[in-house]
Amino acid sequence: MLNKKTVDDISVKGKKVLVRCDFNVPLKEGKITDENRIVAALPTIKKLLADGAKVILCSHLGKPKGEPKPELSLAPVATRLSEILGIDVVFAADDNVVGENAKNAVADMKDGDVVLLQNTRYRNEETKNEENFSKDLASLADVFINDAFGAAHRAHCSTVGVTQFVEEAAVGYLMQKEIEYLGNAVNNPQRPFVAILGGAKVTDKINVINNLLDKVDTLIIGGGMAYTFMKAQGHEVGKSLLEIDRVDYAREMMEKAKAKGVNFLLPVDTVVTQEFKNDTPFKTVPNGGIEADWEGLDIGEETRKIFADAVKDAKTVIWNGPMGVFEFENFAKGTIAVAEALAQTDATTIIGGGDSAAAVNILGFGDKMSHISTGGGASLEFLEGKELPGVVAVDNK
Ligand code: AMP
Numbered sequence: 031m032l033n034k035k036t037v038d039d040i041s042v043k044g045k046k047v048l049v050r051c052d053f054n055v056p057l058k059e060g061k062i063t064d065e066n067r068i069v070a071a072l073p074t075i076k077k078l079l080a081d082g083a084k085v086i087l088c089s090h091l092g093k094p095k096g097e098p099k100p101e102l103s104l105a106p107v108a109t110r111l112s113e114i115l116g117i118d119v120v121f122a123a124d125d126n127v128v129g130e131n132a133k134n135a136v137a138d139m140k141d142g143d144v145v146l147l148q149n150t151r152y153r154n155e156e157t158k159n160e161e162n163f164s165k166d167l168a169s170l171a172d173v174f175i176n177d178a179f180g181a182a183h184r185a186h187c188s189t190v191g192v193t194q195f196v197e198e199a200a201v202g203y204l205m206q207k208e209i210e211y212l213g214n215a216v217n218n219p220q221r222p223f224v225a226i227l228g229g230a231k232v233t234d235k236i237n238v239i240n241n242l243l244d245k246v247d248t249l250i251i252g253g254g255m256a257y258t259f260m261k262a263q264g265h266e267v268g269k270s271l272l273e274i275d276r277v278d279y280a281r282e283m284m285e286k287a288k289a290k291g292v293n294f295l296l297p298v299d300t301v302v303t304q305e306f307k308n309d310t311p312f313k314t315v316p317n318g319g320i321e322a323d324w325e326g327l328d329i330g331e332e333t334r335k336i337f338a339d340a341v342k343d344a345k346t347v348i349w350n351g352p353m354g355v356f357e358f359e360n361f362a363k364g365t366i367a368v369a370e371a372l373a374q375t376d377a378t379t380i381i382g383g384g385d386s387a388a389a390v391n392i393l394g395f396g397d398k399m400s401h402i403s404t405g406g407g408a409s410l411e412f413l414e415g416k417e418l419p420g421v422v423a424v425d426n427k
């Protein structure tokens, strides 16, 4: 159980409530191309509006590196939010975020009004968690709510610093849901508990692998990171992604799995090619069969069956990272097979943000999963067993 205050524990009627959302949405020529993060923020916003709060929203967007960048303005999000909520969301277009526009807009607010501040990362102090910007943000509000799971692994002014200068600080519904799904899976899983890891690099997931080996019944590794493990098994991997300085670590992890009785599954065959592109000849080879000038871009057919079988009778499955270069149609089959297997199992299925979340949504399996995390980096840190600063900073119950 979450021991942090939530929106259900506080009274907000007539109060000014600053909500840190994760509106870090992909934009193309000023248009939002995926609004999942906006939709995910709605339950908290609607609850606060229903309770008669004055709702002040803030978020970062991209990496403007501490200065105003018009292409990273949150203005398109205000427009879209107005459409979705059916009310006028006032955009406070201040280059220094908490300027005259923001102050005036907030002063004019009535209960049930919504104001969106400019990109918090326009301010240089934001990512350094410096006190003056934290105080500026807090000066607008009585209560702070952190609903930005995707930024919860960062100790910034708008996620951590601000909590010190408000009357009350709580988590929002999205944050609560993320923590409960990921927390239950990691700390109190229904078994069998299977974790599937993929993506490019072992280095990015070193602590995840180590921590999950203490928790799971089965650990599956595919994607680019599998070749370092295959090398540790004694197989040649040709031009495939290989982190030679992690081969010893890979061996250690395989020994740890054995000692703990964890079923550790690696690819048994690989789809290989000679060029890193979609339209190029490819073939499937068994382990040991990758020739010197070939590289693996996907898991093979036999591996897809083994991985899919492993989740059939699972009760909890966590998946982070694609099984191959899923951006190329010819090498997306392993990732599709895993997504399909997860869509079919009765297990609680949790997708750990980032590329695997994108893959599941693009492939049309989004509504078949129990939970798709909105935070790639944050969910990985969670799986590492770390506490998230953005969660730690809010009030305890
Ligand atoms: P990550 O950000 O670590 O989750 O890695 C995701 C990226 O890994 C995607 O862009 C994939 O294209 C890439 N990837 C997955 N498998 C392979 C592979 N076998 N070779 C090269 N890149 C891969």
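For the sequence shown, my numbering gives the first residue as 31, with consecutive numbering after it. We put the beta carbon where it would ideally sit given N, CA and C, even for glycine.
Query: Range of the contiguous beta strand (DSSP E) that encloses Pro316; Result: Phe312 to Pro316
Query: Buried or exposed by the 16-neighbour rule on C-beta atoms within 10 Å, applied to Glu156; Result: buried
Query: First and last residue of the uninterrupted alpha helix (DSSP H) at Arg110; Result: Ala105 to Leu115
Query: Sufficient close CB pairs (3 or more, under 8 angstroms) joining the segment 325-336 to the segment 254-272; Result: yes
Query: Distance cut-off 7 angstroms: Phe356 Cβ against heavy atoms of the ligand AMP; Result: yes
Query: Cβ separation of Gly382 and Asn350, assumed to be a contact under 8 angstroms, to the nearest whole Å; Result: 3 angstroms
Query: contact_flag[the segment 39-46, the segment 83-96] where n(CB pairs < 8 angstroms) is 3 or more; Result: yes
Query: For Leu249, three-class secondary structure by DSSP; Result: strand
Query: Option nearest Glu332 by Cα separation, candidates Thr314, Lys95, Ile392 and Arg276; Result: Thr314
Query: 8 angstroms Cβ cutoff met for Asp247 and Arg221; Result: yes
Query: Where the beta strand (DSSP E) through Gly326 begins and ends; Result: Glu325 to Ile329
Query: Distance cut-off 7 angstroms: Asp234 Cβ against heavy atoms of the ligand AMP; Result: yes
Query: 6 angstroms CB neighbourhood of Gly92 in its chain, flanking five on each side removed; Result: Leu102
Query: Outcome for Gly406 when other beta-carbon atoms lying within 10 angstroms are tallied against a minimum of 16; Result: buried
Query: Complete runs of the alpha helix (DSSP H) confined to the segment 46-86 [at least 4 residues]; Result: 66-80
Query: Those runs of the alpha helix (DSSP H) which lie wholly inside the segment 323-374 and span at least 4 residues; Result: 331-342 and 363-374
Query: Classification of Ala289 by the beta-carbon crowding that lies within 10 angstroms, buried from 16 upward; Result: exposed
Query: N- and C-terminal bounds of the beta strand (DSSP E) containing Ala200; Result: Glu198 to Val201
Query: Distance between beta carbons of Ala262 and Thr346, contact taken as under 8 angstroms; Result: About 27 angstroms; that fails the 8 angstroms criterion.
Query: C-alpha gap between Lys26 and Val192, whole angstroms; Result: Summary: the structure shown does not reach residue 26, with the chain confined to residues 31 through 427, and so no result is reported for it.
Query: The segment 350-368 contacting the segment 294-313, beta-carbon criterion three pairs below 8 angstroms; Result: yes
Query: Status (buried if at least 16 other CB within 10 Å, exposed otherwise) for Gly354; Result: buried
Query: Extent of the continuous beta strand (DSSP E) run through Ala225; Result: Phe223 to Leu227
Query: Asn426 versus Pro73: straight-line alpha-carbon distance, rounded; Result: 22 angstroms
Query: Reference His401, options Ser386, Asp118, Gly415 and Glu411, closest by Cα; Result: Ser386
Query: Where Val341 falls, given that 16 or more other Cβ within 10 Å makes a residue buried; Result: buried
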